[in-house]
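K.L.:
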Amino acid sequence: MMNQLTDAAQAVSAAVEPPMVLPLAPVPSSGHIFDFPGRLGTVDMDEDQGLRIDGIARHIQDAGVDHLVHCGALESHPHWIVRRTVIDVIRPIAWPARLRTRRWCSGISPRWCTMRVRIDSDNDGLIETEGFWIHMNKETMSPSRVDDRFFELMCTTTSNQRLRWQQWLDDPLPESPGTAFPLRRTDIDHFQHVTNTAYWHAVHEFTADAADLTRSPHRYILEYNKPIRYGDPIDIHTRRTENSQTLWFSSNQEVRAVAQLRTLQNVRY
68 MMNQLTDAAQ
78 AVSAAVEPPM
88 VLPLAPVPSS
98 GHIFDFPGRL
108 GTVDMDEDQG
118 LRIDGIARHI
128 QDAGVDHLVH
138 CGALESHPHW
148 IVRRTVIDVI
158 RPIAWPARLR
168 TRRWCSGISP
178 RWCTMRVRID
188 SDNDGLIETE
198 GFWIHMNKET
208 MSPSRVDDRF
218 FELMCTTTSN
228 QRLRWQQWLD
238 DPLPESPGTA
248 FPLRRTDIDH
258 FQHVTNTAYW
268 HAVHEFTADA
278 ADLTRSPHRY
288 ILEYNKPIRY
298 GDPIDIHTRR
308 TENSQTLWFS
318 SNQEVRAVAQ
328 LRTLQNVRY
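Just so we're aligned, residue 68 is where the sequence shown starts under our numbering, counting upward by one.
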C-alpha cells in the first residue's frame, strides 16, 4: 500500500513539473538501439580540453546520419530538421577520450520523432541528449510521412506513438537591446538555413561566463521557431536568473530561436 502511495505521489509530481526540468527517457532494455564507438576529436575541444557544446551538437547530428545509413533509410528519409535539442551534461567529457554513443527513438508520430542519444566516455564522462526531429519534403518544405518500415523499427523502443509538439521556452523577447551576431556563409546548410551547430556557437559564446551554472550537472535547451537565412540581421538578447541563463535569437525584433542553460536539480541518470 505504501509503495502504491509513493508511486502515485511521484506521478502527480511529474504531472505538475514543467517538462524542461524532467529527466530524459532511460536507455531501453530492448528494441532497436544504434550503438557505435568513436573518439573525441580535437576540433571539438575548448581551451580546457573539454568537449564544447557545439561539438556535442555536431556529434549527435552526425550520429543521426550514420543511424539512417545503418537502418538503410538514408535514401528514403534524407531530409530532417530539428525543432528542439536538449543536452544534459551530467559529467563533462575531456580530451583524450574514447566514446560510446547510443541512439534510439523515445517518441514518434508519422511525421516526426524524438531521438535520444547517450554519450559515455572511457574517462567517466556522460552526456544525455534528446532531439525533436521533423521529417521533411524538401520540395514543398513541409513535414512528410515516414515509411511504415521505418516507423515500425522506431516503435521498438517507445510506446509513445502519438508524439505531439509542446513549446518549452515561450517567454517574450526582453525589451533591453541585444548584441549583434554576424552570420558567415559557412553557417548555412542545404535548406538555405543557419545550421544547427551555428546556433550552438552563439550559445557557447554567450554562456561562457556562467561557470556557476556549469560546474555541476546542467541542461541546455535550444528551440528553433523560424529559420534564419544568410543576410538576416541577428541580435542575441540575454536574461540571467539564479539558476538559468536564457538567450533569444531575434531578427528585426522577431524571435527566431530561444536557448536556455539551466542547472539540473534532482535529476538522476
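All residues carry an ideal CB built from backbone N, CA and C; glycine is no exception.
Every value quoted in this text rests on a predicted model; they were computed, and no experiment measured them.
Compute the beta-carbon to beta-carbon distance between Q327 and I288, rounded to the nearest angstrom, for a pair I have assumed lies under 8 Å.
P.N.:
The residue labelled residue 327 in the question sits at position 260 within the sequence shown. The residue labelled residue 288 in the question sits at position 221 within the sequence shown. That belief holds up - the Cβ atoms of Q327 and I288 are roughly 5 Å apart, short of 8 Å.
K.L.:
Using CA atoms only, rank isn't needed, just tell me which of S283, L141, R170, E272 is closest to L91.
P.N.:
As a first step, residue 91 must be located in the sequence shown, where it is residue number 24. Nearest C-alpha to L91: R170.
K.L.:
Using a Cβ-Cβ cutoff of less than 7 Å, which residues in the same chain neighbour R323 once the five nearest sequence positions on both sides are dropped?
P.N.:
By one-based count along the sequence shown, residue 323 stands at place 256. Contacts found: N292, K293, I295, F316, S317.
K.L.:
Which whole-angstrom value is the C-beta distance of H202 and R178, which I expect to be below 8 Å?
P.N.:
As a position in the sequence shown, residue 202 is number 135, starting the count at 1. As a position in the sequence shown, residue 178 is number 111, starting the count at 1. With a Cβ gap of about 6 Å, H202 and R178 count as contacting.
K.L.:
So, at 7 Å on beta carbons, what are the nonlocal neighbours of H137 in its own chain, with the 5 sequence-adjacent residues on each side left out?
P.N.:
Position 70 of the sequence shown, counted from the start, is the residue given in the question as residue 137. The residues are F101.
K.L.:
Could you tell me the boundaries of the beta strand (DSSP E) in which C180 lies?
P.N.:
Here residue 180 refers to the residue found at position 113 when the sequence shown is read from its first residue. 179-188 is the extent of the beta strand (DSSP E) around C180.
K.L.:
For W267, count neighbouring Cβ atoms within 10 angstroms of its own Cβ and tell me buried if that reaches 16, exposed if not.
P.N.:
By one-based count along the sequence shown, residue 267 stands at place 200. With 16 or more Cβ atoms within 10 Å of its Cβ, W267 is classed as buried.
K.L.:
By DSSP, does G98 sit in helix, in strand, or in coil?
P.N.:
As a first step, residue 98 is located in the sequence shown; it is residue number 31 there, counting from the start. Coil.
K.L.:
Taking the straight line between their C-alpha atoms, what separation do you get for T181 and G245?
P.N.:
Looking up residue 181 in the sequence shown gives position 114. Looking up residue 245 in the sequence shown gives position 178. Each residue's alpha carbon lies about 32 Å from the other.
K.L.:
Which residues share a DSSP beta bridge with D155?
P.N.:
Within the sequence shown, the letter at position 88 stands for residue 155. Beta-bridge pairing links D155 to E195, R286.
K.L.:
Under the assumption that F258 contacts T305 (Cβ atoms under 8 Å), give the Cβ distance between them as a whole number of angstroms.
P.N.:
Position 191 of the sequence shown, counted from the first residue, corresponds to residue 258. Position 238 of the sequence shown, counted from the first residue, corresponds to residue 305. At roughly 27 Å, the Cβ-Cβ gap does not stay under 8 Å, so F258 and T305 are not in contact.
K.L.:
Decide if M155 is buried, meaning its Cβ has at least 16 other Cβ atoms within 10 Å, or exposed.
P.N.:
For the purposes of this step, residue 155 is taken as the residue at position 88 of the sequence shown. Looking at the sequence shown, residue 155 is not Met but Asp. Label assigned to D155: buried.
K.L.:
Where does Y291 fall in DSSP's three states?
P.N.:
For the purposes of this step, residue 291 is taken as the residue at position 224 of the sequence shown. In the structure shown, Y291 sits in a strand (DSSP, three-state: E or B).
K.L.:
Decide if W232 is buried, meaning its Cβ has at least 16 other Cβ atoms within 10 Å, or exposed.
P.N.:
One-based indexing of the sequence shown puts residue 232 at position 165. By the 10 Å Cβ count, W232 comes out exposed.
K.L.:
Taking 7 Å as the threshold (C-beta atoms), are H271 and I120 in contact?
P.N.:
Walking along the sequence shown from the start, residue 120 turns up at place 53. Walking along the sequence shown from the start, residue 271 turns up at place 204. Contact: yes.
K.L.:
Excluding the 5 residues preceding and the 5 following G298 in the sequence, name in chain order all residues of the same chain whose CB lies nearer than 8 Å to its CB.
P.N.:
Counted from its first residue, the sequence shown places residue 298 at position 231. So the qualifying residues of the chain are L250.
K.L.:
With a threshold of 8 Å, are at least 3 pairs of Cβ atoms found where one atom belongs to the segment 149-163 and the other to the segment 120-130?
P.N.:
yes
K.L.:
CA-CA distance, P85 and L331?
P.N.:
Walking along the sequence shown from the start, residue 85 turns up at place 18. Walking along the sequence shown from the start, residue 331 turns up at place 264. Going by the C-alpha atoms only, they are around 13 Å apart.
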